[in-house]
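Colleague: Residues 825 to 1045 in our numbering are what the sequence shown lists, from first letter to last. Just dropping this structure here.
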Amino acid sequence: MVKIAFGSIGDSFSVGSLKAYLAEFIATLLFVFAGVGSAIAYGKLTSDAALDPPGLVAIAVAHALALFVGVAIAANISGGHLNPAVTFGLAIGGNITILTGLFYWVAQCLGSIVACLLLQFVTNGLSVPTHSVASGMNAVGGVVMEIVITFALVYTVYATAADPKKGSLGIIAPIAIGFIVGANILAAGPFSGGSMNPARSFGPAVVYILHICDSWLPFKQ
């Protein structure tokens, strides 16, 4: 029977735990920088034209490759979650403590925010694209789509990385995780955005809100 552990404050602030949080922050930052950056680059190259099939493939490949690298570089330190949904699944499964999972969430979301702020800075203020349900598709359909593809991702993580009986399959875990994300973006991108990752959506949303608030400041010229 799975035993869910809450954890202790002392363990959550140990040197090993702090290294894990930093690894999640850096790996998520790099993943979001490349993933969101690919979407910004597409908009720049096409003068913000509507997404076409080659653009969708390019963005999906960028996310897949970036996630593959992010998981690989963080796996031996933090487990390479890079995703609050993955962290939640592993916490419920007893692989990490609830308290550690909460700190992972903070690190992942901060990494995403910093990545998007960096992108806005280096692109001289180009807009950071956010996820949204496509026109003509209802919100319920979008939610169901995201639930299905997020389940596929978390299931892949469990099967290739978290399962104690995975054996040599664990070697290809980063590749498999990157592949399922790329495939899901190809399938769901035109409908729900194909996020699968609350942190991936959180950073762009925060930067978008900051931009809106900044434009409405009374002293803004």
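Glycine residues also receive a C-beta, built at the ideal position from the N, C-alpha and C atoms.
Taking only runs of the alpha helix (DSSP H) that begin and end inside the stretch 898 to 924, which ones reach a length of at least 4 residues, in chain order?
Modeller: 908 to 916
Colleague: Take every Cβ of the stretch 993 to 1010, pair it with every Cβ of the stretch 887 to 898, and state whether three or more of those distances are shorter than 8 angstroms.
Modeller: yes
Colleague: State the DSSP-derived secondary structure class of residue 1019, mapped to helix, strand or coil.
Modeller: coil
Colleague: Throw me the rounded Cβ distance for the residue 1010 and residue 881 pair, which I believe falls under 8 angstroms.
Modeller: 7 angstroms
Colleague: Where does the unbroken alpha helix (DSSP H) through residue 842 begin, and where does it stop?
Modeller: Element bounds for residue 842: 839 to 869.
Colleague: Is residue 1028 closer than 8 angstroms to residue 952 when the C-beta atoms are compared?
Modeller: yes
Colleague: Could you tell me the alpha carbon to alpha carbon distance between residue 863 and residue 883, rounded to whole angstroms?
Modeller: Just so you know, the alpha carbons of residue 863 and residue 883 end up roughly 6 angstroms apart.
Colleague: Return helix, strand or coil for residue 948, following the three-state DSSP convention.
Modeller: If DSSP states are grouped into helix, strand and coil, residue 948 belongs with coil.
Colleague: Round the Cβ separation of residue 922 and residue 831 to the nearest angstrom and send it over; I've been treating them as touching at under 8 angstroms.
Modeller: 6 angstroms
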